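Positions 274 to 670 (this note's numbering) are the ones given, in order, by the sequence shown.
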Amino acid sequence: MKTIKDLDIDGKRVFIRCDFNVPKDEFGNITDDRRIREALATIRYCIDRECKIVLASHYERPEPGKYEERFSLKPVAKRLHTLLKIKNEILMAEDVVGEDAKSKADSLESGDILLLENLRYEAGETNNDESFAKELASFADVYINDAFGACHRKHASIDAITQFFDAAHKAAGFLMAKEINFFSKMLEEPIRPFVAVVGGSKVSGKLQAMIKLVDKVDKIIIGGGMAFTFLKALGYEVGNSLVEDDLLAEAEEIMQKAKARGVKFYLPVDVVAAAEFSENTTVKYLPVQEIPEGWMGLDIGPASIRLFREALNDAKTIIWNGPMGVYEMDRYSKGSTMMSNIIAQTHATTVVGGGDTADVVNRAGDIDEMTFVSTGGGASLKLLEGERLPGVVALQA
Ligand code: AMP
274 MKTIKDLDID GKRVFIRCDF NVPKDEFGNI TDDRRIREAL ATIRYCIDRE
324 CKIVLASHYE RPEPGKYEER FSLKPVAKRL HTLLKIKNEI LMAEDVVGED
374 AKSKADSLES GDILLLENLR YEAGETNNDE SFAKELASFA DVYINDAFGA
424 CHRKHASIDA ITQFFDAAHK AAGFLMAKEI NFFSKMLEEP IRPFVAVVGG
474 SKVSGKLQAM IKLVDKVDKI IIGGGMAFTF LKALGYEVGN SLVEDDLLAE
524 AEEIMQKAKA RGVKFYLPVD VVAAAEFSEN TTVKYLPVQE IPEGWMGLDI
574 GPASIRLFRE ALNDAKTIIW NGPMGVYEMD RYSKGSTMMS NIIAQTHATT
624 VVGGGDTADV VNRAGDIDEM TFVSTGGGAS LKLLEGERLP GVVALQA
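Set out below in C-alpha cells:
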C-alpha cells in the first residue's frame, strides 16, 4: 500500500481524511483522545514539509443540513492544538465546503492547519456523492486517507474523492498503514497458540469474522451477550438473556467447525444474572445451568474468569473484540475489566479491536500494556472477515 512517504508533498496543499469521532461526556469534554493522538504523526509530517493542511472528519450522526453545535468538531480543533504543541491556532471552518471553509482554505500559509466542520453535516458525505467529493477535492493537490476507523464505509471523503487524484497524489497516512499492516501480519503469521476472545452484544455483527477466525486460531473464548446464543444452541435454558434465535444454527455450525479443526472452544460456565436490565436490582452469581426463567445474564461470573485465564495462560497471540458483559454498568463490568487485566498480563502479542473494547481497556488502565489497540471497530472486524476495505481499494484504484 502506498503511503504518504511515497509521495512528493513538499509545500503542497494536502487534504487529510482523519477519524476524529472521539467519545465525549455529557458536558462535551473529550473522554478519550486516542484517535486524535494517533493522527498526529501524519499531521506533523505534513507540517515539517511546509504543507498547507486541510483536515476533515465525521463526528457521530447529525441530521444532514442541520448544524447542531453538539456535533461540531470545535472541541477536536482545541485538543488537536494542545496535542500538537504548536504556536499557530488551528483554523476552524464554520462549514464543510461553504464560503467560510473556502476562504479560510485560501488564506492558509505553509504549515497552517484548517479543520473543516463535521463532514456529515452534508448529506453528500454518506451518499458518496460525486459533486460533494469534487468540492472536497478542490481544497488540495494531495489526498491522504488516515481515517482507519471510517474506511470500511463508502463515503464521499473516503471513496468518491479519490477519483479526483491520480496515483502520484493519493496515499494512506501513517495510522492507516500501521493498522492494516498490523492486522494482516497478525492474521498471516500469528505466533501460536493464537487465541481469539470475542464478546459484545450480538453474534450477528461478528458472525463472518468468527467463521474466518475459526480457520486461523487455536482457541476461541466467547463472552458477552453473544455467548447465550451459543449456550442455547447447546441446549441450555438461558432465561431472558440476549439470544438471536435465528442464528442458533449458525452458532452450532461454528462450534462444529471448531471441533472438526481441533480448535478449543470456551463458553462462560457461570454468569452474573439479574431479573431486569438495571444496576439497581438484585443480582445472583449462577452456573449457566441455573439461570431462572425471566432472568438474564449480564456479565460472566468468577468461575468463567478463572477458566478463561487458564485458557489464555499459554497464548502467544491474542485478539480481543467485544466486552464480556454490560460493562457500561459498574455492576456488570467486572468480567470485562478482569479480562482486560488478564490479557494485559500475558506475554502474548495482544491486539484489541472495537471501540467498546478499547474503552474497557482504557477504563481498566491497561491501554499501555497492550501491544496494539486499534482505532477502528467496524474496520478491524472487516479485516478479520478477510475483506478489503473500501477506503484502501479506492486509494489503489
Ligand atoms: P458490540 O457492539 O456487539 O461489540 O457490543 C457491545 C455491547 O454489548 C456493550 O454495549 C455491552 O453493554 C453489550 N453487552 C455485553 N454483554 C451483554 C449481555 N450479557 N447482555 C446484553 N448486552 C451485553
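Idealized CB from N, CA, C, for every residue including glycine.
In this text the structure is predicted, and so the values were computed from the model without any measurement.
Query                                                                                                                                                 : Result
Quick check for students: name the residue ranges of the alpha helix (DSSP H) that lie wholly in the region 392-419, counting only runs of 4 or more. : 396-399, 403-410
Between Lys347, Asp419, Ile431, which has its C-alpha nearest Leu387's C-alpha?                                                                       : Lys347
Considering only residues of the same chain and omitting the five flanking positions on each side of Leu486, which have a CB-CB separation below 7 Å? : Ala469, Ile493, Leu657
Measure the alpha-carbon distance for Gly446 versus Arg343 and round it to whole angstroms.                                                           : 28 Å
Quick check: what's the CA-CA separation for Ala621 versus Pro596?                                                                                    : 19 Å
Mind checking which residues open and close the alpha helix (DSSP H) that includes Leu585?                                                            : 575-585
What are the boundary residues of the beta strand (DSSP E) that includes Phe538?                                                                      : 537-539
Along the chain, where does the alpha helix (DSSP H) containing Asn635 start, and where does it finish?                                               : 628-636
When we look at the beta-carbon of Thr355 and count the other beta-carbons within 10 Å, is it buried (16 or more) or exposed?                         : exposed
Just to check, is the beta-carbon of Gly638 closer than 6 Å to a non-hydrogen atom of ligand 1?                                                       : no
Would you mind sorting Pro565 into buried or exposed? The rule is 16 or more other CB atoms within 10 Å of its CB.                                    : exposed
Mind checking Glu372: buried by the 16 CB within 10 Å criterion, or exposed?                                                                          : exposed
Do the region 521-533 and the region 560-577 meet, that is, are 3 or more Cβ pairs less than 8 Å apart?                                               : no
With Ile282 and Val295 assumed to form a contact (beta carbons below 8 Å), what rounded beta-carbon distance in angstroms separates them?             : The pair is not a contact, with the Cβ atoms about 26 Å apart (cut-off 8 Å).
Indicate the three-state DSSP secondary structure (helix, strand or coil) for Met569 in the structure shown.                                          : strand
Report the option in Lys358, Leu357, Ala378 whose CA atom is closest to the CA atom of Leu364.                                                        : Ala378
Give a single yes or no on whether Lys475 has its beta carbon closer than 6 Å to a heavy atom of ligand 1.                                            : yes
Cβ of Asp629 versus every heavy atom of ligand 1: is any distance shorter than 6 Å?                                                                   : yes
Give me the Cβ distance between Ala329 and Ser430, rounded to the nearest whole Å; I'm assuming they're in contact under 8 Å.                         : 6 Å
Among Ala670, Phe421, Lys427, Gln436, whose alpha-carbon lies nearest the alpha-carbon of Ser411?                                                     : Gln436
Would you mind working out which of Ile359, Ala524, Glu323, Phe550 sits nearest Phe538, comparing C-alpha positions?                                  : Ala524
Look up Ala670 in the DSSP assignment and say whether it is helix, strand or coil.                                                                    : coil
Under the rule that 16 or more other beta-carbon atoms within 10 Å means buried, what is Lys360, buried or exposed?                                   : exposed
Which runs of the alpha helix (DSSP H) at least 4 residues long sit entirely within the region 308-370? Give them in chain order.                     : 347-357
Considering Phe503, what are the terminal residues of the alpha helix (DSSP H) in which it resides?                                                   : 500-506
So, under 8 Å CB-CB, His287 and Ala413 are touching, yes? Tell me the CB distance rounded to an integer number of Å.                                  : In the sequence under discussion, the amino acid at residue 287 is Val, which differs from the His named in the question. Confirmed, Cβ separation roughly 6 Å.
Between the region 454-462 and the region 300-316, do three or more beta carbon pairs fall short of 8 Å?                                              : no
Beta-carbon within less than 8 Å of Ser383's beta-carbon, same chain only, minus the 5 sequence neighbours each way: which residues are those?        : Gly284, Glu323, Cys324, Lys325
Less than 6 Å separating the Cβ of Pro575 from some heavy atom of ligand 1?                                                                           : no
Should Glu583 go down as buried or exposed, given a rule of 16 or more other Cβ atoms within 10 Å for buried?                                         : exposed
At the level of alpha carbons, what is the spacing between Leu353 and Asn401?                                                                         : 27 Å
Taking just the CA atoms, how far does Arg604 sit from Thr590?                                                                                        : 30 Å
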